[in-house]
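Remarks on the structure that follows.
Number of protein chains: 2
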Amino acid sequence: MRKILLRLSYDGSGYCGWQVQSGGSPKPTLQQVLEDALKVLCREDIRVIASGRTDSGVHALDQPVMFRTASGVPTDRFQRALNGLLPNDIWVLDARQVDDDFHTIANAKKKTYRYMIHNAPNHDVFLNGRCLEYSRKLDLTAMKQAASLMVGTHDFRAFCSSGSSAKTFTRTIYHLGIEKVGDRVYIDVQGNGFLYNMVRIIVGTLLAVSEGRIMEEQISQALSSGERSLLGETAPPQGLYLLQVDYAE
Amino acid sequence: MRKILLRLSYDGSGYCGWQVQSGGSPKPTLQQVLEDALKVLCREDIRVIASGRTDSGVHALDQPVMFRTASGVPTDRFQRALNGLLPNDIWVLDARQVDDDFHTIANAKKKTYRYMIHNAPNHDVFLNGRCLEYSRKLDLTAMKQAASLMVGTHDFRAFCSSGSSAKTFTRTIYHLGIEKVGDRVYIDVQGNGFLYNMVRIIVGTLLAVSEGRIMEEQISQALSSGERSLLGETAPPQGLYLLQVDYAE
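The listed protein sequences correspond, in order, to chains A and B. Remember, my numbering sits 4 above the position in the first sequence when you count from 1. Remember, my numbering sits 4 above the position in the second sequence when you count from 1.
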């Protein structure tokens, strides 16, 4: 048995997330589509494990996915063969063999997400399902100030949607940057791991700060009390991109 | 009767072009979808005229479209009302009343198109139907050299697909720029008007020059002889964007 590590990019707008979590959906899941393609290629049932399950509508530029195979398909064949089998909103960037003790979830050291806001009065027809459209003026200064409170090691249980299976809530955010480029605002966040919906709650909270609905003190209070209701709404999924997962120390 | 000028942006990938030209297609045309929305809003049959008919799969960032209406809908209501009625891959940027002798086709002085090439070995899942994917290395120096031969006033009949209804073939290209930004190559062309498929033949020819299949002399010969076969293939539609139409002198 070999263990193979794929790196995938995908436009999540046509999918019901990485893995179905509840209820039925007419859309397929990314995991199912990938496993179906692997079954055609390897002629065996294959179970894949991503570095994390992206929600319905969330995108990835570089999602690591591992699986074991007993097939004889050469490792350097996987990328091209899978790209021939997968729909054009999923793309395999790379495939290589890894040690059997490598694990996409357990070994992840750092994750980087981007949240993209189209901040303009006009709708951008080329960004359907790929950003949050937000026409009000953003108070970037207040947002950056609030963001600085979230950086570091904290108990982030207030930044977690119910339904999380996390055992501990302490996480470290290494970087939380906000940058405006033309009509787009990018919120980039890097940490050692993220709770369920944590990035989207960070973004929703920063938007509420920009609108003056949440004050800086509330963020400090939320971090110390763990009270979800002190924070902003969970921002919608379509603006979220998994950018990178780092495994090296 | 008022005459209204709309400015439209659209992602053309879901449409059979501005107007059906031949054959049947399961996809609607942009003109039909816009006229249907106007009929709902104005309660009358309305015929719209764009500055030019974009082909199936071609996009627009700012397409001028005019129509006459006898309805009482206030001019400043059109933008919001149409955007509420149109699908999210079409967006009205602006609506204003114009003089009755204004004409979107006859009064156009300058048009600017962009052709977008994704020049990388990997497919970009976010650019499906929105660029030409081209993985070979581009010889930008040779392409710029060849482009410079096309700038100016020439008889462009060699740069025209059959089926054109043009009466004269003389056009002026004011600017033909090629710029590489990361993995993307933008070919921007501005002229006083374009023949049928002219921009896509320019792009296909520049790609053939990059590949060494067409020499500079052939372009000069094509301009003097009008021989279409001396030039490159018509580049595919999905990379083409109508950027702007200028009406001022």
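Each residue gets a CB set at the ideal place from its N, CA and C atoms; glycine is no exception. The structure presented is a predicted model; accordingly, all values stated were derived computationally and were not measured.
When burial is assigned at 16 or more other CB atoms within 10 Å of the CB, is residue i buried or exposed?
i: B:T58; result: buried
i: B:D93; result: buried
i: A:Y178; result: exposed
i: B:M5; result: exposed
i: B:K115; result: buried
i: A:D49; result: exposed
i: B:S152; result: exposed
i: B:R11; result: buried
i: A:G243; result: buried
i: B:S15; result: The question names Ser, yet the displayed sequence has Asp at residue 15 of chain B. B:D15 should be labelled buried.
i: B:A54; result: buried
i: A:P68; result: buried
i: B:P241; result: buried
i: A:A162; result: buried
i: B:R204; result: buried
i: A:V96; result: buried
i: B:V129; result: buried
i: B:R118; result: buried
i: B:Q35; result: buried
i: A:V189; result: buried
Is there a Cβ of chain A sitting closer than 8 Å to that of residue i, yes or no?
i: B:E97; result: The sequence given here places Leu at residue 97 of chain B; Glu does not occur at that position. By this cut-off, B:L97 is an interface position.
i: B:R188; result: no
i: B:H127; result: yes
i: B:Y138; result: no
i: B:F106; result: no
i: B:Y14; result: yes
i: B:I121; result: no
i: B:D93; result: yes
i: B:F130; result: yes
Contact defined as beta carbons within less than 8 Å: I believe residue i pairs with residue j. What is the distance between those atoms, to the nearest angstrom?
i: A:I223; j: A:T209; result: 7 Å
i: B:S17; j: B:G61; result: 6 Å
i: A:C20; j: A:P32; result: 7 Å
i: A:G195; j: A:T176; result: 6 Å
i: A:V52; j: A:L38; result: 6 Å
i: B:I8; j: B:T73; result: 6 Å
Between residue i and chain B, is the shortest Cβ-Cβ distance under 8 Å, so that the two count as touching?
i: A:R134; result: yes
i: A:F82; result: no
i: A:D40; result: no
i: A:D192; result: no
I'd like the span of the beta strand (DSSP E) that includes residue i, first residue to last.
i: B:M70; result: 63 to 73
i: A:M120; result: 114 to 122
i: A:I303; result: The requested residue 303 of chain A does not occur in the structure, where chain A is confined to residues 5 to 253.
i: B:A99; result: 94 to 102
i: A:K141; result: No beta strand (DSSP E) contains A:K141, which DSSP labels as neither H nor E.
i: A:L246; result: 244 to 250
i: B:G195; result: 188 to 195
i: B:L12; result: 6 to 14
DSSP state of residue i, grouped into three classes?
i: A:R51; result: coil
i: A:E183; result: strand
i: A:D257; result: What the structure shows of chain A is the stretch from 5 to 253, and residue 257 of chain A is not part of that stretch, so it cannot be assessed.
i: B:K148; result: helix
i: A:Q35; result: helix
i: B:R204; result: helix
i: B:R161; result: helix
i: A:V129; result: helix
i: A:V172; result: Contrary to the premise, residue 172 of chain A reads as Thr rather than Val in this sequence. Coil, per DSSP.
i: B:G18; result: helix
With residue i as the anchor, note down where its alpha helix (DSSP H) starts and where it stops.
i: B:S233; result: Element bounds for B:S233: n/a, residue is neither H nor E.
i: B:Q222; result: 220 to 229
i: B:G88; result: 82 to 89
Examine chain D for any beta-carbon lying closer than 8 Å to the beta-carbon of residue i, and answer yes or no.
i: B:D59; result: Given the protein chain composition of this structure (A and B), no chain D is represented.
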